[in-house]
Amino acid sequence: MKNYLSIALVFLLCSCGQKTQEEQTQETKEFVTPFEKGNGNQTATYEEVISFYEDLSAEFSSVEMEEIGSTDSGKPLHLISYSKNSIDWNSVNEDKIKILINNGIHPGESDGIDATMMLMRDLAVGNIDAPENLIFSAIAVYNVGGALNRNTSTRTNQNGPESYGFRGNARNYDLNRDFIKADSHNVLAFYDIYHQINPDIFIDNHVSNGADYQYTLTHLFTQHDKLGHEAGNYLHDQLQPELETRLEKRNLPITPYVNVWGSSPENGFSQFMDHPRYSTGYTSLWNTLGMMVETHMLKPYKDRVMGTKAIMEEMIAIGSENIETIKKVRSESFKSFSDDSYYAMNHKLNNAKADTLNFMGYEAVTTTSAVTGNDLMTYDRSQPFTKKTVYKNHFTGTDSISIPDYYVIPQGQWKVIELMRRNNIQMEFVTNDTTLTVTRYRIADYRTANNAYEGHYPHSNVRVEEHVEELRFRESDILIPTQQPGLRYILETLEPTGQDSFFKWNYFDTILQQKEGFSTYVFEATARSLLEENKTLQKEFDSIKKADEDFRKNNYRQLDWIHKRSPNYESAHLNYPIYKWNKQ
Numbered sequence: 009m010k011n012y013l014s015i016a017l018v019f020l021l022c023s024c025g026q027k028t029q030e031e032q033t034q035e036t037k038e039f040v041t042p043f044e045k046g047n048g049n050q051t052a053t054y055e056e057v058i059s060f061y062e063d064l065s066a067e068f069s070s071v072e073m074e075e076i077g078s079t080d081s082g083k084p085l086h087l088i089s090y091s092k093n094s095i096d097w098n099s100v101n102e103d104k105i106k107i108l109i110n111n112g113i114h115p116g117e118s119d120g121i122d123a124t125m126m127l128m129r130d131l132a133v134g135n136i137d138a139p140e141n142l143i144f145s146a147i148a149v150y151n152v153g154g155a156l157n158r159n160t161s162t163r164t165n166q167n168g169p170e171s172y173g174f175r176g177n178a179r180n181y182d183l184n185r186d187f188i189k190a191d192s193h194n195v196l197a198f199y200d201i202y203h204q205i206n207p208d209i210f211i212d213n214h215v216s217n218g219a220d221y222q223y224t225l226t227h228l229f230t231q232h233d234k235l236g237h238e239a240g241n242y243l244h245d246q247l248q249p250e251l252e253t254r255l256e257k258r259n260l261p262i263t264p265y266v267n268v269w270g271s272s273p274e275n276g277f278s279q280f281m282d283h284p285r286y287s288t289g290y291t292s293l294w295n296t297l298g299m300m301v302e303t304h305m306l307k308p309y310k311d312r313v314m315g316t317k318a319i320m321e322e323m324i325a326i327g328s329e330n331i332e333t334i335k336k337v338r339s340e341s342f343k344s345f346s347d348d349s350y351y352a353m354n355h356k357l358n359n360a361k362a363d364t365l366n367f368m369g370y371e372a373v374t375t376t377s378a379v380t381g382n383d384l385m386t387y388d389r390s391q392p393f394t395k396k397t398v399y400k401n402h403f404t405g406t407d408s409i410s411i412p413d414y415y416v417i418p419q420g421q422w423k424v425i426e427l428m429r430r431n432n433i434q435m436e437f438v439t440n441d442t443t444l445t446v447t448r449y450r451i452a453d454y455r456t457a458n459n460a461y462e463g464h465y466p467h468s469n470v471r472v473e474e475h476v477e478e479l480r481f482r483e484s485d486i487l488i489p490t491q492q493p494g495l496r497y498i499l500e501t502l503e504p505t506g507q508d509s510f511f512k513w514n515y516f517d518t519i520l521q522q523k524e525g526f527s528t529y530v531f532e533a534t535a536r537s538l539l540e541e542n543k544t545l546q547k548e549f550d551s552i553k554k555a556d557e558d559f560r561k562n563n564y565r566q567l568d569w570i571h572k573r574s575p576n577y578e579s580a581h582l583n584y585p586i587y588k589w590n591k592q
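Basically the numbering used here = 1-based index in the sequence shown + 8.
Listed below in structure tokens is the structure:
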């Protein structure tokens, strides 16, 4: 009897131990995130994020994890994808709504990192009834170097989490300014991901800065006039209102990104213009429906994370239910841009046209700063309001560029050619040395920033002169046909007056500096002969001398003016080295 009791006790103890192990295994299979395990004010570390997705993809065949490219930190980007059916990236997957999420481009704005971990888990385990026609992909952490540079203080205005990553990447670039200039390895890996997926919807998760107001959630859709054509109309007229309505039903009111600094939103504000340097500005070049989620910095971290998750859930539902319409407007936009003879660039705010918001804010009050002793504007949360507020969200292109049949890129411009290749731009070769009649730009005027901006001194107010010339091109120079899906990327980068053109980002600064000069005492005789032989030149020269006293008193300026109109002047100076060609 004693032995029986001993055996029973051992069995009971073993059973209890086994039950505990089963409970631990079950907890592991539930994939509780570090955010959920914490106090609602903590975000997963980079290592925890990657480990979580490794375990999730190992457990569920519906979740795939890929390492793609490299980043400035030396680590790859991790792409996580969910689909009920296996994904073949060699297929166009046009029977699926393809959604791409970007997280941690600013790692201090970590809401999307935690929200996506939970959402991907919920899709995999069936907590959310995932549509059959969905491919949901996410970049786990885009700014890996910034995520590894963890701290507790650099997000000065932000209410949680307790610790987080830094805005700059491993080389201190703000990666949400790099999608055209491409200084980082991160964006080269992003190109691979983006063109592998060709997403219909793109969401970049952020946290806002600026004014105070009642909303936890704001959205920053890509500017619809710039997106243009059918996709732009659908985004503004249907997609944005439907998302707002769905979130309202969940008691999660949302408003456009509150683009104000130093003034109260109730006075009205304008939409933020996402030029191609930004993630959604870049993805719009392929007619992807893009948006940034901007949660409000002062709201509790838990509310921000759960709100971000809710937005992604609703975008999944909208995308799945409207897949035919979304595919159609993207396709129609590609065709419309392809049929256009001209392309609108450099969009500016249209102050004559605006929408009206029922904006939920707080009264702005002016107090005296205890630090400076000067007036300080702040917000009184005890005085909430809902007011009709002007929202200027219409833009108009101020420049119109004629679209050629081809751009011609000399093979020596290898960096430009490589970026074209990385963006799936179709290219042809000049098969033999040949002469083409092309349009050439001469840089007539520009301004250069006095202060560094993201590793550059970008140019602005660029003005060009067009000249039609016969030029000789070499075998293996590059022809870029404009009749292709990447048309808008080609135009925005190669047209020097574009808002984020390669010229503006200093790709061609070598043409702005003369390589050859002259000595005044040597060139004097040549200048005299040129004026004697060309009476028109002499007349223009005398006219300038008469009208401009500084010119008249400056020997070098006068001789330089003549030199620039002589055969001695180098042809490369100020001549933009990309050409437009219309095939006859």
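Every residue, glycine too, gets a C-beta built ideally from N, C-alpha and C. All values reported here derive from a predicted model rather than from experimental measurement.
Where does the unbroken beta strand (DSSP E) through F393 begin, and where does it stop?
It spans D383 to K400 - the beta strand (DSSP E) in which F393 sits, taken as one unbroken run.
Using three-state DSSP, classify P264 as helix, strand or coil.
It is a strand residue.
Buried or exposed: which applies to V373, given that a residue is buried once 16 or more other Cβ atoms fall within 10 Å of its Cβ?
Exposed.
By a C-beta neighbour count over all protein chains shown, 10 Å radius and 16 as the cutoff for buried, is Y465 buried or exposed?
Burial state of Y465 is exposed, judged by a 10 Å Cβ sphere holding fewer than 16 other Cβ atoms.
So, helix, strand or coil for V215, using DSSP?
In the displayed model, V215 falls within a strand according to three-state DSSP.
Please classify L589: does DSSP put it in a helix, a strand, or coil?
In the sequence under discussion, the amino acid at residue 589 is Trp, which differs from the Leu named in the question. Strand.
Beta-carbon spacing of Y415, L297 below 7 Å
Their beta carbons are not under 7 Å apart, which means Y415 does not touch L297 by this criterion.
Can you tell me the Cβ-Cβ gap for A155 and Y54, rounded? I've got them flagged as a contact below 8 Å.
That belief holds up - the Cβ atoms of A155 and Y54 are roughly 4 Å apart, short of 8 Å.
Suppose you measure from the CA of F403 to the CA of H237; what does that come to, to the nearest Å?
The alpha-carbon atoms of F403 and H237 are separated by roughly 13 Å.
Taking 7 Å as the cut-off, decide whether the C-beta atoms of D508 and P284 are in contact.
Their beta carbons are under 7 Å apart, which means D508 touches P284 by this criterion.
Pick from F60, N177 and R430: whose alpha carbon is nearest that of T79?
It is N177.
With a CB to CB cut of under 7 Å and the five nearest residues on each side skipped, what residues in its chain are close to K27?
Because the pLDDT of K27 is 40, which lies under 50, any placement of that residue in the model is unreliable, and the number read from its coordinates should be weighed accordingly. Counting only Cβ-Cβ distances below 7 Å, and skipping sequence neighbours, we find nothing.
Who are E74's beta bridge partners in DSSP?
The partner list for E74 (beta bridge, DSSP) reads L87.
Evaluate W422 with the Cβ neighbour count: other Cβ atoms within 10 Å of its Cβ, from every protein chain shown; 16 or more gives buried, anything less gives exposed.
Burial state of W422 is exposed, judged by a 10 Å Cβ sphere holding fewer than 16 other Cβ atoms.
Helix, strand or coil: how does DSSP classify A325 here?
Note: A325 maps to helix in three-state DSSP.
How many angstroms separate the CA atom of E541 from the CA atom of T534?
Rounded to the nearest whole angstrom, the C-alpha separation of E541 and T534 is 11 Å.
Taking G120 and T316 to be in contact with their CB atoms under 8 Å, please state how far apart those CB atoms are, rounded to whole angstroms.
About 5 Å separates the beta carbons of G120 and T316, which is inside the 8 Å limit, making them a contact pair.
What separation, rounded to the nearest whole angstrom, lies between the Cα atoms of N330 and R480?
C-alpha separation (whole angstroms): 51 Å.
Assumed close pair I334, I433 - CB separation to whole angstroms, cut-off 8 Å
That pair is no contact at about 24 Å.
In whole angstroms, what is the alpha-carbon distance linking I324 and R129?
Each residue's Cα considered, the two are about 15 Å apart.
Ignoring anything shorter than 3 residues or poking outside the stretch 427 to 481, list the beta strand (DSSP E) runs there in chain order.
Segments of the beta strand (DSSP E) lying fully in the stretch 427 to 481: 442 to 456 and 467 to 481.
Output needed for N576: all residues of its chain with C-beta closer than 6 Å, excluding positions within five of it in sequence on either side, in chain order.
The same chain holds no residue with a CB closer than 6 Å to that of N576 once the five nearest residues on each side in sequence are set aside.
Could you say if the stretch 568 to 583 and the stretch 521 to 532 meet the contact criterion of at least three C-beta pairs nearer than 8 Å?
Output reads yes: the stretch 521 to 532 touches the stretch 568 to 583.
On a Cα-Cα basis, can you pick out the residue from I143, G77 and E74 that is closest to S1?
Here the chain has residues from 9 to 592 only, and residue 1 is not among them.
Which of helix, strand or coil does DSSP assign to D182?
It is coil, neither helix nor strand.
With a CB to CB cut of under 8 Å and the five nearest residues on each side skipped, what residues in its chain are close to F437?
Within the same chain, F437 has close Cβ partners E483, S484, D485, I486 and L487.
If we count Cβ pairs, one from each stretch, closer than 8 Å, do we get three or more for the stretch 357 to 373 versus the stretch 383 to 392?
Counting C-beta pairs closer than 8 Å gives three or more between the stretch 357 to 373 and the stretch 383 to 392, which meets the contact rule.
Collapsed DSSP secondary structure at A533 in the structure displayed
Per DSSP, reduced to three states, the secondary structure at A533 is helical.
Classify P489 as helix, strand or coil using the three-state DSSP reduction.
In the displayed model, P489 falls within a strand according to three-state DSSP.
Is V40 helix, strand or coil by DSSP?
In the three-state reduction of the DSSP assignment, V40 falls in the coil class.
N-terminal and C-terminal residue of the alpha helix (DSSP H) that F198 is part of:
F198 -> alpha helix (DSSP H) spans H193 to I205.
Distance check for V301 and E102, CA to CA, integer angstroms please.
Each residue's Cα considered, the two are about 25 Å apart.
I need the straight-line Cα distance from Q204 to T375, nearest angstrom please.
In this structure, the straight-line span from the alpha carbon of Q204 to that of T375 is close to 54 Å.
Can you say whether N47 is buried or exposed, counting buried as having 16 or more other CB atoms within 10 angstroms of its CB?
Exposed is the call here.
Could you check how far apart the C-beta atoms of V472 and P493 are, in whole angstroms? I think they sit under 8 Å.
The beta-carbon distance between V472 and P493, rounded to whole angstroms, is 27 Å. This is too long to meet the 8 Å contact definition.
When burial is assigned at 16 or more other CB atoms within 10 Å of the CB, is H475 buried or exposed?
Exposure of H475 is indicated by the presence of fewer than 16 other C-beta atoms within 10 angstroms of its C-beta.
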